[in-house]
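FYI, the UniProt record's numbering numbers position 93 of the sequence shown as 93, with every residue one higher than the one before it.
Every residue, glycine too, gets a C-beta built ideally from N, C-alpha and C.
Remarks on the structure that follows.
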Amino acid sequence: MNAESYKYINGVPVFFLLPDENVRSAMQYKPRPSDVILVTYPKCGTTWTQYIVSNIMTKAKTPVGAAEYMLFSPYIEMMGAEAARNTTRKGPLMTHLPLKSMVFSEEAKYIYVARNPYDCCVSCYHFLRRAPQKHKEDTPFGKFLGNFISGEINFGDFFDHLLPWYEHKDKPNVLFVTYEEMNRDTKKWILTIADFLGEEHGTALRKDSALLERILELSSLEVMKTVFNYSSDDRVKALASLPPEQTCSSIQALSKSISTKNGNHEGPTFTRKGIVGDWKSHFTPQDVTTMKAWIKGKTGGTDVMNLWEGCGLP
Numbered sequence: 001m002n003a004e005s006y007k008y009i010n011g012v013p014v015f016f017l018l019p020d021e022n023v024r025s026a027m028q029y030k031p032r033p034s035d036v037i038l039v040t041y042p043k044c045g046t047t048w049t050q051y052i053v054s055n056i057m058t059k060a061k062t063p064v065g066a067a068e069y070m071l072f073s074p075y076i077e078m079m080g081a082e083a084a085r086n087t088t089r090k091g092p093l094m095t096h097l098p099l100k101s102m103v104f105s106e107e108a109k110y111i112y113v114a115r116n117p118y119d120c121c122v123s124c125y126h127f128l129r130r131a132p133q134k135h136k137e138d139t140p141f142g143k144f145l146g147n148f149i150s151g152e153i154n155f156g157d158f159f160d161h162l163l164p165w166y167e168h169k170d171k172p173n174v175l176f177v178t179y180e181e182m183n184r185d186t187k188k189w190i191l192t193i194a195d196f197l198g199e200e201h202g203t204a205l206r207k208d209s210a211l212l213e214r215i216l217e218l219s220s221l222e223v224m225k226t227v228f229n230y231s232s233d234d235r236v237k238a239l240a241s242l243p244p245e246q247t248c249s250s251i252q253a254l255s256k257s258i259s260t261k262n263g264n265h266e267g268p269t270f271t272r273k274g275i276v277g278d279w280k281s282h283f284t285p286q287d288v289t290t291m292k293a294w295i296k297g298k299t300g301g302t303d304v305m306n307l308w309e310g311c312g313l314p
């Protein structure tokens, strides 16, 4: 992990393998009224929530192949706005872009998932240790913590991403949820998300308990590890092998970017432990002191940390 692992595009630090043109098009994408857009800071329950939303929308018939799933529910910075505009796309969009760097629509629906900064930091650390890098470097956690709190990481500062969305949490077209709440009562939040997506989705799950239980089963860590048992590199190779009628220029740009920049990722990376409190096995007492001082400086005048009352944070 080092400064060469990310690059700045329009002031936002993004993973160095993402094609510039795809990121810029994502920033300029104007959502359709029918769009459902999942927004997270990296490693805050993105893949989990994306799969839950997808299964609600498809009645548990979400495509499982790497390429098929990405076409169904594109990561827009990776695949570009062209993939988002695909008329055959049926699933949610996913983005890590900060609010200031996207076109916000009052008509589209947004789901924002927040995670406590301690566990988010640890999850980012493990993800990036295995991510492609221009120069491989086994960074100790204490050094990575310095990068995290200084915003020298993909998509920048954690609180600069979170706080603007926290201010939007009461908008009727925004569903704001924490990873910890979803982890604590997943069935409740599946129903809440379904209601937010549309009355027909909530009604369908309440009338069909077997469907609700099936979506709950699909969202378990055990099943998720089976479904997403591939790396970032595997995803791109699958996209590159699509027939011409299913691909587009932004996907071709992604394939070219990965192939020319040594984009291999060391094994499956999209699900790891899926627990709350993993930070306790990584933070030293000094790390905790450093983290608390940073949090105090970033959150003064807000009650945002109340989101994690009862989660055992220091």
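Which residues mark the beginning and the end of the beta strand (DSSP E) in which residue 69 is found?
-> Numbered from 1 along the sequence shown, position 69 holds the residue referred to as residue 69. Note, residue 69: premise wrong, no beta strand (DSSP E); alpha helix (DSSP H) at 66-72.
Based on the DSSP secondary-structure assignment, which residues constitute the bridge partners of residue 304?
-> Along the sequence shown, one-based indexing puts residue 304 at 304. According to DSSP, which records beta bridges pairwise, residue 304 is partnered with nothing at all.
If you follow the beta strand (DSSP E) that residue 144 is part of, which residue opens it and which one closes it?
-> Along the sequence shown, read from residue 1 onward, the residue named residue 144 stands at position 144. Premise fails: residue 144 lies in the alpha helix (DSSP H), 141-149, not in any beta strand (DSSP E).
Going by C-alpha distance, which of 280, 28, 57 is nearest residue 200?
-> Reading the sequence shown from its first residue, position 200 is the one you call residue 200. The option with the nearest alpha carbon to residue 200 is 57.
Per DSSP, what kind of secondary structure is residue 7 in: helix, strand or coil?
-> The residue given as residue 7 occupies position 7 in the sequence shown. Residue state, collapsed to three classes: strand.
So, helix, strand or coil for residue 263, using DSSP?
-> Indexing the sequence shown from 1 puts residue 263 at position 263. Interpretation of residue 263 is limited by its pLDDT of 46, a score under 50 that renders its predicted location unreliable; no figure is taken from the coordinates.
Since residue 191 is in the alpha helix (DSSP H), which residue starts that stretch and which ends it?
-> Taking the first residue of the sequence shown as 1, we reach residue 191 at position 191. Counting along the chain, residue 191 sits inside the alpha helix (DSSP H) bounded by residues 186-197.
Reduced DSSP secondary structure (H/G/I, E/B, other) of residue 42 = Locating residue 42 in the sequence shown gives position 42, where the first residue counts as 1. Correct three-state label for residue 42: coil.
Use the C-beta contact count for residue 80: other C-beta atoms within 10 angstroms, 16 or more gives buried, fewer gives exposed.
-> Indexing the sequence shown from 1 puts residue 80 at position 80. Flag for residue 80 reads buried.
At a cut of 8 Å, does the stretch 151-169 reach the stretch 296-306 through at least three beta carbon pairs?
-> yes
Close Cβ partners of residue 266 (< 6 Å) along its chain, the five nearest in sequence each way excluded | By one-based count along the sequence shown, residue 266 stands at place 266. Confidence at residue 266 is low in this model, with a pLDDT of 45, below 50, so its placement is unreliable and the value that follows should be read with caution. Sequence-distant Cβ neighbours of residue 266 in its own chain, meaning closer than 6 Å and more than five residues away, are 130.
Considering only the beta carbon of each residue, do residue 92 and residue 28 sit closer than 8 Å?
-> The count along the sequence shown starts at 1 and reaches residue 92 at position 92. The count along the sequence shown starts at 1 and reaches residue 28 at position 28. Annotated as distal: residue 92 and residue 28, with beta-carbon spacing of 8 Å or more.
Check the DSSP bridge columns for residue 15 and list the partner residues they point to.
-> The sequence position of residue 15 within the sequence shown is 15, counting from 1. Partner(s): 6.
Report buried or exposed for residue 65, applying the criterion of at least 16 other Cβ atoms within 10 angstroms of its Cβ.
-> The residue labelled residue 65 in the question sits at position 65 within the sequence shown. Exposed, since its Cβ has fewer than 16 Cβ neighbours within 10 Å.
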